Ligand SMILES: *Cc1c(COP(=O)(O)O)cnc(C)c1O
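Numbering (this note's numbering), first residue to last: 1 to 428.
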């Protein structure tokens, strides 16, 4: 399948039924799997043979869908998780433990910001946040001898800043650490970060991949390119024997291509158990089958709405990297030549109060803590997802308090514009 184009991978990747087998992927709704002998099962526990024994660790339906996303991103191995948050945590904690340090773009999802700044800090992991638009020197200055990884988002949610992936990849590799990219907003249809030097890609599949607001989920894809053994001192979890797994050394036994995902599955999923359900994986796969068609429409609708807002005198500013003249237009053209995503942000003249009034007056576009749904929705981050942040932190994260985030769905764009128009008319 790997020689096919992205659209074909969306539809048929990960699963090729044999003669007389189901055309759609089977939902293996079973917690456990039966074996004839204890020896057979023992081999699985020792990671000597591959197979299934308990769905907390691995399930065939989930693996089929992970294999599809792996093909779409051009990776070597992948796993599904129960949420995007679980994916961000596993992808980082898999190689960064107590005493470790993360260099992260400051323009990231609010939940990930909290994960790094608060929760992982309690685990003894520190994080330096850098402005994604920083110079190479500023980026350089963020590294410490304990830095284990660099993290950023292709298109930041909700700041919508486009990351210069190559700049971040070069800095990471110069310091012998991998770059992890959260590619949720761009999706592999519009950007494949591994082609630009990313080593690991994460997703909240809850967003465009599912696309219908039906199932929360996450995914991690490993490029298989990072040479852990070359930096064995830095990554003892991958490069020294795991006593909790019969002394297996993941990087030796599974190589560059398999070590990262095998450890995250065998160790982190075993102990932390943020397992996706086979039913949710099936729903995710339905979304993936049409992702390439949907994401284009999301983008076209957003572009139409952004152009309307740009020319409206009740709107103070518009952020949408697809819009000519936008600060991130050039970067978006480089990394996402076929389009970005359906999310735009803007400020309503009159600031925080006006933004709130405007949102209340919307009829078709709903207020939701969600994006990337077939149905258009909007959010005022300063009052919801980012409300734990100070004014300074909000600005550093690229989310000023007057910012309205609008996720354009798959409706007719003229209806979206009509709804925005009537809402603006009610406040002025
Ligand atoms: C939503 C989101 C997450 C978190 O994903 P959940 O599935 O909600 O846990 C992480 N990163 C980005 C960019 C997101 O939009």
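For each residue, glycine too, the CB sits at the ideal point set by N, CA and C. Everything numeric in this text was worked out from a predicted model, so none of it was measured.
- Here DSSP, grouped into helix, strand and coil, assigns residue 77 to strand.
- The three-state secondary structure of residue 413, taken from DSSP, is helix.
- Inclusion of residue 103 and residue 142 in the CB contact set at 9 Å is warranted, their separation being smaller than that value.
- Per DSSP, reduced to three states, the secondary structure at residue 226 is coil, with no helix or strand assignment.
- The C-alpha of residue 347 is placed about 16 Å away from the C-alpha of residue 361.
- Taking C-beta atoms under 8 Å as the contact rule, residue 325 and residue 161 fail to qualify, at a distance of about 16 Å.
- An exposed status is given to residue 367, since fewer than 16 other beta-carbon atoms sit within 10 Å of its beta-carbon.
- A check of alpha carbon separations from residue 187 across 290, 390, 312 and 351 identifies 290 as the nearest.
- Beta-carbon to beta-carbon, residue 305 and residue 416 are separated by about 6 Å, close enough to satisfy the 8 Å threshold.
- Cβ contact annotation for residue 226 (same chain, cutoff 8 Å, sequence separation greater than five): 178, 199, 200, 256 and 260, in chain order.
- A heavy atom of ligand 1 is found nearer than 8 Å to the CB of residue 153.
- Look at residue 148 here: in three-state DSSP terms it is strand.
- Between the region 235-255 and the region 110-127 there are fewer than three C-beta pairs closer than 8 Å, too few to call the two in contact.
- Distance from the C-beta of residue 12 to the nearest heavy atom of ligand 1 is not below 8 Å.
- Placement of the Cβ of residue 240 at a distance of 8 Å or more from every heavy atom of ligand 1 is found.
- Residue state for residue 153 is assigned as strand, using DSSP reduced to three classes.
- Taking residue 88 as the centre and dropping the five residues before and after it, the same chain places the C-beta of 112, 115, 182 and 202 closer than 7 Å to its C-beta, in chain order.
- If you check the C-beta of residue 388 against ligand 1, you find no heavy atom less than 8 Å away.
- In the displayed model, residue 203 falls within a strand according to three-state DSSP.
- For residue 181, the distance from the CB to the nearest heavy atom of ligand 1 is not below 8 Å.
- The DSSP-derived three-state label of residue 63 is helix.
- Taking a C-beta distance under 9 Å as the contact criterion, residue 268 and residue 90 qualify as a contact pair.
- Between residue 154 and residue 127, the CB-CB gap reaches or exceeds 9 Å.
- Look at residue 297 here: in three-state DSSP terms it is helix.
- Here residue 317 is bridged, per DSSP, to 347.
- If the five residues before and after residue 44 are omitted, its C-beta is found closer than 6 Å to the C-beta atoms of 51 and 53, all from its own chain and listed in chain order.
- Put simply, of 275, 262 and 404 the residue whose alpha carbon is nearest the alpha carbon of residue 95 is 262.
- In its chain, beyond the 5 residues on either side, 239 and 251 have a beta carbon closer than 7 Å to the beta carbon of residue 229.
- In the structure shown, residue 284 falls within a helical segment according to DSSP collapsed to helix, strand and coil.
- Contact between residue 176 and residue 146 is ruled out by a C-beta separation of about 12 Å, above the 8 Å threshold.
- For residue 88, the secondary structure class from DSSP, reduced to helix, strand or coil, is helix.
- For residue 239, the enclosing alpha helix (DSSP H) stretches over residues 236-239.
- It is roughly 14 Å from the alpha-carbon of residue 243 to the alpha-carbon of residue 253.
- At least one heavy atom of ligand 1 sits closer than 8 Å to the Cβ of residue 185.
- Runs of the beta strand (DSSP E) lying entirely within the region 88-140, each at least 3 residues long, are 101-105 and 126-130 in chain order.
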